[in-house]
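Chemist: Quick one: structure below, then a few questions.
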Amino acid sequence: MEQTKTPASRLLSTSCIENKDDLEEKFEKCYTVLQNLTAGLSEKEAHDTLNNAVCKDKTHEEVSLGLLVVILTDPQSAAKSYRDLTLITRDGLAIVLVHLNQLVLERYLRLNDVTRNQLLWLLREMIRTSVASVDNLCLSLLRHAAGGDISPRNLFLVDALLDIFQENRPWLDKFPFLVASIVYTYLRLIEDHNAPHLSGLRQKEVTFTVSLIRERMVDCLVIGRDLVRLLQNVARIPEFEALWKDMLLNPKSLCPNFNGVLQLLQTRTSRRFLQSRLTPDMERKLVFLTSQVRFGNHKRYQDWFQRQYLATPESQSLRCDLIRFIVGVIHPTNELLCSDIIPRWAVIGWLFTTCTSTVAASNAKLALFYDWLFFEPEKDNIMNIEPAILVMHNSMRSHPPVTATLLDFLCRIIPNFYPPLTEKVRNGIFSSLRQILEKRVLPSLYPLFDSPKLDRELRSKIRETFKEFCLPPNADPGKMEELNKDLAPGATLENAVNTSVENNHINQDPEPAFSDEEEEMPLRIVNKVEEEDEEDVPLANVKLKNEQKNANCVVKKEDITSQLNLILEPEELRTAIESLHSETDNEVRCQTMERIVQMVVEDEIDAETIPALASCISTILSSQITSQIFPSDNLNEEALTDSISTPLFVMFRNQFQLCKEEDNRRKLLARVLAEMQNIQPRIGYLLLYFLKVWGRGEEKREGEQSNVLNDVKASVYKDFCAHREKKLDACLVSDLKLCHEDNIFMLCYLVPDVYMGFQNVTLGNIQLLHLVVSTVDACQLQELVCQIMQGHLKMLKKESFTSLLTASLNWETFEQYCFWQLIFAHDFPIEYVLPVLPKLQFRDHAEALTSILFMLKQEKPTLELLRQLLARQNVDGDMFVVAALRYWCRDYEEKLGELLANLLSTRYPATSPNKRKRSGAKHNQQPGPPTGEQVLGHLDQLRQHCMSSAELQLYHSEGMQRALQQAQAASSDSLRKSYGDLFALAEVNEENEPPPPPPTSSARKHTAAATGGGGGAGGKGGHRKTGANTRERSSSKRPLPRYHLDSTSSSEEEEIVNVKQAKKRKKINPVGSDSD
C-alpha cells in the first residue's frame, strides 16, 4: 500500500504523462541499492556495510548517489546521510558534485520545493566542510538566479544564495572567478528589484555587492567593459554613486592595478559572464532557434519564447542579456553563414520590436553597440560588431524606424556616453565601421547612411558625424569634391573612393520582417572557458580577398589632383606628389620620394597636412605595397637588394639613417609612416623586412658590429610603433599576423631577426610563438633549430617557459611538436618541465607527455624527479609513470629501488611497535607531494604491468621490503584493502633467511607460519606472497573471516604485520583483529 502512494519521482515535479528519463532512473536505482544494503541494520552495522561496499567503483558511485537522494528528499535524515557520505567517499565527493551539477543545469526547473531547499542546505554544508570544486556548483546555481523574473521561487533562490555567500565570505574570497560572477550577477539583479516590497532584499544585495567590489576589485577587473554597463544601470543608488566617484576620481583607492574606467572599457567581457545571465533552459532554446530553425519557420518559435520568458513587465530588462549573449557568445560557423537558418540580426531585430519600455529599448541599443565604442581590431572580434550593422541594413526595407532609431543612437552616443572619452568612443566606432568595410560585411555604407527612407535631419546628422563613410560609390569627381569640402584635413583618401556596390538591396521588393537572401548569421554555442576569451576567430575566417583590398586602393589621377588642390600645401609638395603619381620610371620616382622625405624632415610641411600626405602616398604606392615583394625562389643578396629598391623603401632608408644619427627629425617621418600604416597595414611588416635586408647590407658595407645595427633597427621600429599609439609587442604581433596571411615565407625569413632584435617583448610572447609554430613547415622548423643550435637565435627563456608550456597545451598537435623541437634545441633541463608535469592529463596532453618521456630517457632517476612523477594522479590507462620507471629499471634498478623505498618510507615513517596503529595514520605522513597513497598507487600500477617474476625484483630489495612493511603497518584499513596485492610482496623473512622459494614450496611455509601463529579471527600469525597468484594460495590455507566479500578481497583479519627477531623488530598487534 505504501508503494502506491510513492510519487513517480522523488526529486522532480512530474505530470502523469511524463516518463522518467535516464538521470531519474539512475538516481532511483542508486537509492534502491542503498536501501537494500542497509535495510534492517543498526547504524553501526549499516556504516560497516557501506564502508565495505564502496571498495568497488560501481558500488561506490551507487552508494554515494543513493545517499545524495536521501539528502535531497528527506530533510530529517539529511544530516546523518551527509555524515555517512563524507565518511565513505573515496573521491572527495567528486562523483556527487558531477551529478549535482548535471541535475542543476538540466533539471533545476523541474525540482520540487523540498529538493530545492535541500539542495541549498547541501551547498551550505559542502562550503562549510570545504569540499573541492563546490564553487562550480555555486556558478551553476547562480545561472538560475534569472534576470527579469521576480517570481517567489526566483526571489527565494536569489536571497538564499546571497545568505550563503555572506555567511561564508572567507571561503568565497579564495575563488576570484566566483567573486567576479557574483558581482556580475547581483549587479544585474539589483536593477530588477526596485519594487517597494523588494526593498529589503535590494538593500542586502547592494551592501554585499558594493563591499565585494571595494574589497575585491582586483578580481572584478576581469569582467571588463560590461561591468561598467551594469554599474551605469544602478548609478543612482547612493552606495553605487559613492563607488562611481571613487572609480572616476580615485581609482587606485579601490585597487593598485586599477587605472580608471577606461581600463575596464578597453577589456572585452568574457563569454562566460555573458552566458551566465541566461538560464541553461533559455540558452538551449536560443541556441536551437539560431542554429536549427529555418527562415520562414521562425515565427512560432519566437512566439513561444516570448510567451515563456518575455511576457511580464519586469522581463523588459532581460532583452539586454539576450542581446549581449547573441552578440558575444553565438558566433556562426561558415556552414551556418551559408545556410538558410535564421541569422543573428533577425533575432535581435525581433527583440527590438518586442520592447515596450523606452528605458529597456535604450539599454538594448547600448547592449547592441557596446562593443563598438572601444573596438580595437587587434583585440576585439568582428563578430561582436557585425549583428548591429546587419540589423540596420536589413531593417531598412521592412522596418525603417528600427534602422532610424539605431542610427540616431549611434550618432548621439559618441558625445554623450562619457564626454571625457568622446575621442576614444569616436575612434572605436570609426574602427568598427572600417573593419566592417574591410571584412566585406557590407560592401558600402553609403546606401545605409544616405537612404531616402531616413528623414532629412537624421541624414544630415549622419553625414556630419560619419563624413568619411558617406561618399557614394563611383562618384564623379565634381560630386566628390563637393562632398569633401567639409572633410577634416586628416580624412583619408582610401575612404573617399569605393568600389562598385555589389549587393545594394535598398530598392528591392519588400520581404518578410527581418529576412534576407544574403549570407547571414548562423551560430554555434561555446561553453568552454576561454579565458580568457583571446579566443575568437574573427568573422569565422571570412576575410577580405587581396584583390578586393587592392581594388579599394585604386584611385584615378583626377581624384588625386582634386584632393591635392583641397588639402596639400605647399606648392612644391603638391608638384612632387603629382610627379610621383604620374611618373612610371622607378628611379625617377625614388628621386621624387627623396625630395618629399626631405620636405618632411626639414619641417616644411604643416602637421595638419601629414595625414593627407600619408593618404596620398599610400594610395599612389598601393600597387607596390600589395605586390609580391619577397623573392621566395631566390634569396641571394642581389635579389633581396632589388626587392627594396622602390619609393616606399626610400622612406624606410631615410628613417634608418636618421635613427642611426640620432637625429630628432626622425619623429616627423615616423609619424608619416604611422599614418600610412593606418591606411596600408602591410607597411608594418614591410618595414621589418627592409630593416633585415638593409641591415645585412649595411653590415657588409660599413663593417659595423651587428649589435650596433640591431640597436638602430630596433630604434626605427620602436619609433614607428610609438606613433601608432600601440605597445611594441602588440604592433609586432599584428604586423606578423598580416605577414602570415600574405606570405608565410617572408614571415619565416623575419622571425630570427624579430626574436633577436626585440628580445624583451618577443621572448615569452605566447601569441607570437603560436604564430610561428602554426606557420612553419618541417624545413623551416629545421632551419630555426639549426640557428638556435649555432647560437644565432633564441626563442625561449627560463622565466616565461612555464607559461608558454601551459599555453601550448591547447595548440594543435603539429604546433605542439614544433614547440617541443624548439625546447630540445634550447637544451632546457628537465627541471623546467617538472612544475607542469603533475597537471598533465594523458588523454588531453599526449604531445607534451610524449616529449617529456624523451627528456626523461636522457636523465638518471633522482629523488626530485620521482617526487614530480609520482605526484601525478594514478588514472587507469595512463602509462606515463610506468613507462619511465620501467625504462630506468633497465640500467638503474638498484638506485631506483633505493629512491622509491626512501620516498615511501618518508610517507609512512616507522612507529613504536608497542603502540596501536590508528586507522587514519595520516598524521605520520610527510607533507608535500606525492602523498603516500599516490606512491602506493604508482607502485601497484607498476606491479600490475610486470610481465615476469624477473621484473618484480625491484620489490625484493631490502629497502623496498622494509618500506612496504612500514607502509602496510601505517596504512588505514581501506588502503590495506586497496593495495593488498602490493603489500603481499612484503615478505616475512627471518634474519639471514635466503630469498623466497619458488611458489611450489610457499604453501608449506605459509601453513607452518599460520599454525605457529594460532587460528581464529583474533589470532596472530604471518604469511608470504611472492607473485600475482598469492591470493588463491592464501585463501585456500586461511580460515575465512567472519564475513566473506569475494574471492579477491583481503579482509582486515588477514593483514598481519611482519615479525622479526627481537633484535630487529617486535611484533605488532594485527589491525582489525577482535582485540581491537
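Just so we're aligned, residue 1 is where the sequence shown starts under the UniProt record's numbering, counting upward by one.
Note that the Cβ used here is the ideal one computed from N, Cα and C, for glycine as well.
1. Please tell me whether F630 and Y749 are closer than 8 Å, where the distance is taken between their beta carbons.
2. With H, G and I counted as helix, E and B as strand and the rest as coil, what does DSSP make of L178?
3. Can you give me the C-alpha to C-alpha distance between L248 and G260, rounded to a whole angstrom?
4. Does the distance from the C-beta atom of V228 to that of I190 stay below 8 Å?
5. So what's L12 in DSSP terms, helix, strand or just coil?
6. Relative to the C-alpha of N154, which residue among D173, L111, D135, Y184 is closest?
7. Which complete alpha helix (DSSP H) runs does the stretch 572-601 hold, if anything under 4 residues is left out?
8. Pairs of beta-carbons, one from the stretch 420-431 and one from the stretch 365-377, closer than 8 Å: are there three or more?
9. Can you round the beta-carbon distance between V882 and L834 to whole angstroms, since I take them to be within the 8 Å contact cut?
10. Helix, strand or coil, according to DSSP, for L111 in the structure here?
11. Can you grab the Cα-Cα spacing for the pair Y31 / L68, in whole Å?
12. Below 7 Å CB to CB, which residues in the same chain sit around residue 1082 once its five sequence neighbours on both sides are set aside?
13. Kindly list the residues whose CB is nearer than 6 Å to the CB of W820, restricted to its own chain and excluding five residues on each side of it in sequence; keep chain order.
14. So, at 7 Å on beta carbons, what are the nonlocal neighbours of I213 in its own chain, with the 5 sequence-adjacent residues on each side left out?
15. How about V179 and R271: do their beta carbons lie closer than 8 Å?
16. Indicate whether at least one CB of chain D lies closer than 8 Å to the CB of H99.
17. Decide if S444 is buried, meaning its Cβ has at least 16 other Cβ atoms within 10 Å, or exposed.
18. Would you tell me roughly how many angstroms separate the C-alpha atoms of R143 and Q292, rounded to the nearest one?
19. Measure the C-alpha to C-alpha separation of L658 and E572 and round it to an integer number of angstroms.
20. Please classify T592 as buried or exposed, where buried requires at least 16 other C-beta atoms within 10 Å of its C-beta.
21. Considering only their Cβ atoms, is the gap separating G66 from V33 smaller than 8 Å?
22. Taking the continuous alpha helix (DSSP H) assigned at H393, which residues delimit it?
23. In three-state terms, what does DSSP make of residue 1087?
24. Thinking C-alpha only, which one of E62, D844, R907, E859 is nearest E831?
25. DSSP state of I610, grouped into three classes?
26. Would you please state the rounded distance, in angstroms, between the beta carbons of A986 and Y908? I believe it to be under 8 Å.
27. List the residues that DSSP assigns as beta-bridge partners of I341.
28. Determine the DSSP secondary structure at Y82, reduced to helix, strand or coil.
29. Since H770 is in the alpha helix (DSSP H), which residue starts that stretch and which ends it?
30. How is the alpha helix (DSSP H) around F630 delimited, first residue to last?
31. Compare the C-alpha of V716 against each of I223, Q655, V751 and name the closest.
32. Looking at the structure shown, is V751 part of a helix, part of a strand, or coil, going by DSSP?
33. How big is the Cα-Cα spacing for V70 and E167?
34. Are the stretch 204-212 and the stretch 299-314 in contact at 8 Å, needing three or more beta carbon pairs?
35. Just list the alpha helix (DSSP H) runs in the stretch 393-438, keeping only unbroken ones of 4 residues or longer that don't cross its boundaries, in chain order.
36. Given a cut-off of 8 Å, decide if A714 and G757 are closer than it, judged by their beta-carbon atoms.
Modeler: Well, looking at it:
1. yes
2. Looking at L178 - three-state DSSP - the assignment turns out to be helix.
3. L248 and G260: Cα-Cα distance of roughly 6 Å.
4. no
5. strand
6. L111
7. 586-601
8. Contact between the stretch 420-431 and the stretch 365-377 is present: three or more C-beta pairs spanning the two stretches fall below 8 Å.
9. At roughly 18 Å, the Cβ-Cβ gap does not stay under 8 Å, so V882 and L834 are not in contact.
10. strand
11. 8 Å
12. Residue numbering for the chain in the displayed model covers 1 to 1076; residue 1082 lies beyond these limits and cannot be assessed.
13. S851
14. V183, C220, L243
15. no
16. This model lacks chain D altogether; it includes just one protein chain.
17. buried
18. 24 Å
19. Rounded to whole angstroms, L658 to E572 spans 23 Å at the Cα level.
20. The residue is buried, with at least 16 neighbouring Cβ atoms inside 10 Å.
21. Yes, Cβ-Cβ distance for V33 and G66 is below 8 Å.
22. 386-398
23. Any answer about residue 1087 is impossible in this case: the structure gives the chain only from 1 up to 1076.
24. Closest by alpha carbon: E859.
25. helix
26. That belief does not hold up - the Cβ atoms of A986 and Y908 are roughly 12 Å apart, past 8 Å.
27. R294
28. In the structure shown, Y82 sits in a helix (DSSP, three-state: H, G or I).
29. Where H770 is concerned, the enclosing alpha helix (DSSP H) stretches over 766-773.
30. Segment: none, F630 is in no alpha helix (DSSP H) and carries neither H nor E.
31. Q655
32. helix
33. 25 Å
34. no
35. For the alpha helix (DSSP H) assignment, the uninterrupted runs of no fewer than 4 residues enclosed by the stretch 393-438 are, from N- to C-terminal side, 400-416, 422-438.
36. yes
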